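Working notes, structure below.
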Amino acid sequence: MKERQPLVSIIVITYNSAKYVLETLESARAQTYQNIELIISDDGSQDNTVEICKNWLFENNKCFVRAELLTVEKNTGIPANCNRGIKVAQGEWIKFIAGDDILLSDCVENNVKYVLGKDIKILLSNVKVFDTTVMEKKDGEVWPLQNHRSFFDLNAEDQFFLLIAGDRISSTPSSFIKKEVFYSVEFFDEEFPLIEDYPFWMKCTKNRFKIFFMDRITVLYRVHNNSVSLTSRLAKPLVNVVNYRNYDLVRKYCFPYFNWYGKLQVRYNHFLDGIFISRPKTDINSAFYQILVKWMNPFSYFGYINRRLFPKCEIGLKRRN
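See the structure below:
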């Protein structure tokens, strides 16, 4: 009997992606899996991304079951752009890809084979970093690293509480998600326009959707000077800019599960980051910042003592029911 082939929606997310988007689109066209619709969702690009996509679709739309280009006049943020793609998708499964990354030719086929016949609704796999001029030591590195993969052995509840303590997922570009999940968790949170994945993973695991893992490279993740998270993730400034900007996100998603210690620790760090965020990364500033964060931080000593006395206690989190 012929194996079932569910319709898969490849959603290409673009914003000023003119330099690389053709490579992304060609990687979608080269998929060995046949039952695919292609959706390109552009978020108000100021370059000629939309024109490039229109021309490419005119030549290649027949390679897909269906193809559609979504455009807006003004930039709305990554979550809103993703949500627009989901809401027009007709596929049973959603495969997102940024307009500068590349799908390996067997990406969709391997994902479908892995999930068929199993109770899996969210699947991640390996991504390979490539084409980087800003972090050469990581060129060719495969994410997630081996020491981060134990996360996927946990059940959904345990995954959720680990995510509350901090973002543990580095291979979001590989995500392969059943469309019904997005409707169950009410889509990506548009309140935070620059980050779609971290709050989404918390919503999924909170709603008992376990995140599974396939140990296979499916996506090439390009890191370049225009990467959205490049400055905060790779440039290593004096202050972690992502943590500082995501303070409201942490308050919304994590504070309900933090105990008094966890909340005060986050507030203390945010207060220090606010003081140092505009300061240059000099040796003096770095030393002073580290002294305040590590050696003069009263919460670090409390945490150390608590870990010694109660090694199995989840520091900063309320007790689970």
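Take any residue in the sequence shown, note its place counting from 1, add 13, and you have its number in the working numbering.
We treat Cβ as the ideally placed atom computed from N, Cα and C, and that holds for glycine.
Every value quoted in this text rests on a predicted model; they were computed, and no experiment measured them.
Option nearest residue i by Cα separation, candidates the options
i	options	result
F174	C76, T295, F268 and Y28	F268
Q47	W69, C76 and S30	C76
L176	I288, K108 and Y270	Y270
V9	R221, F213, I224 and Y234	Since the first and last residues shown for the chain are 14 and 334, residue 9 lies out of range.
V232	R292, N310, S291 and T185	T185
L251	T295, N282, F225 and Y281	T295
E86	Q303, Y28, R79 and I115	Y28
E259	F225, P206 and Y302	Residue 259 is actually Asn in this sequence, not Glu. Closest option to N259, Cα to Cα, is P206.
I208	G130, I91, V121 and V128	I91
F226	L277, W156, F195 and L51	W156
A43	C95, S54 and I115	I115
I230	C120, N282, Y274 and L82	C120
D113	N298, N253, N272 and H237	H237
E154	I110, D132, R235 and N298	R235
S130	N298, Y266, Q18 and F312	Reading off the sequence shown, one finds Gly at residue 130, where the question assumed Ser. The residue with the shortest Cα to Cα distance from G130 is Q18.
S40	G57, A111 and D56	A111
F336	N282, N298, I297 and S299	Residue 336 lies beyond the residue range present for the chain, which begins at 14 and ends at 334; the question has no answer from this structure.
CA-to-CA distance, residue j to residue i, given in whole angstroms
i	j	result
A178	N74	44 Å
T84	E16	36 Å
E36	L305	46 Å
R246	N68	Its pLDDT being 46, under 50, R246 is placed unreliably in this model, and the value from its coordinates should be taken loosely. Whole-angstrom Cα-Cα distance: 34 Å.
Q172	F284	28 Å
N123	K223	19 Å
V25	Q59	17 Å
N88	S183	25 Å
W106	K192	5 Å
E170	F164	11 Å
R181	F200	20 Å
A31	V63	8 Å
L243	Y302	Confidence at L243 is low in this model, with a pLDDT of 47, below 50, so its placement is unreliable and the value that follows should be read with caution. L243 and Y302: Cα-Cα distance of roughly 22 Å.
L20	Q103	8 Å
I23	R292	42 Å
I290	V279	16 Å
V194	V34	27 Å
E72	K307	58 Å
I99	L158	29 Å
F143	N168	32 Å
G275	R221	24 Å
V254	A93	22 Å
V147	K126	Because the pLDDT at V147 is just 48, under 50, the model does not fix this residue reliably, and the point stays unresolved.
I49	V78	6 Å
A248	A300	Because A248 carries a pLDDT of 47, less than 50, the predicted location of this residue cannot be relied on, and the following value inherits that uncertainty. Approximately 18 Å between the Cα atoms of the pair.
N298	D166	41 Å
I288	N160	34 Å
V101	N61	23 Å
R162	K216	20 Å
I65	Y266	39 Å
Where the alpha helix (DSSP H) containing residue i begins and where it ends
i	result
W214	D210 to K219
S54	That residue, S54, is in no alpha helix (DSSP H); its beta strand (DSSP E) goes I49 to D55.
D171	A169 to A178
N123	C120 to V128
Y281	W273 to F289
N139	Where N139 is concerned, there is no enclosing alpha helix (DSSP H), although the beta strand (DSSP E) it sits in stretches over I135 to F143.
L38	V34 to R42
Q59	First-last for Q59: undefined, no H or E at that position.
L95	Checking the sequence, you will find Cys at residue 95 rather than Leu. That run of the alpha helix (DSSP H) goes I91 to V101.
Y302	D296 to Q303
N256	V254 to R258
CB-CB length for residue i against residue j, believed under 8 Å
i	j	result
N139	D228	7 Å
S118	T45	6 Å
V286	N310	Residue identity differs from the one stated: residue 286 is Asp in this sequence, not Val. Not a contact, Cβ separation roughly 13 Å.
K134	I190	7 Å
L136	V128	6 Å
N96	E204	At roughly 12 Å, the Cβ-Cβ gap does not stay under 8 Å, so N96 and E204 are not in contact.
L51	A80	5 Å
F109	S188	6 Å
First through last residue of the beta strand (DSSP E) which encompasses residue i
i	result
S22	V21 to T27
R79	R79 to L83
F189	F189 to K191
D228	F225 to R235
V106	Val is not the amino acid found at residue 106; the sequence shown has Trp there. W106 to A111 is the span of the beta strand (DSSP E), which, as asked, contains W106.
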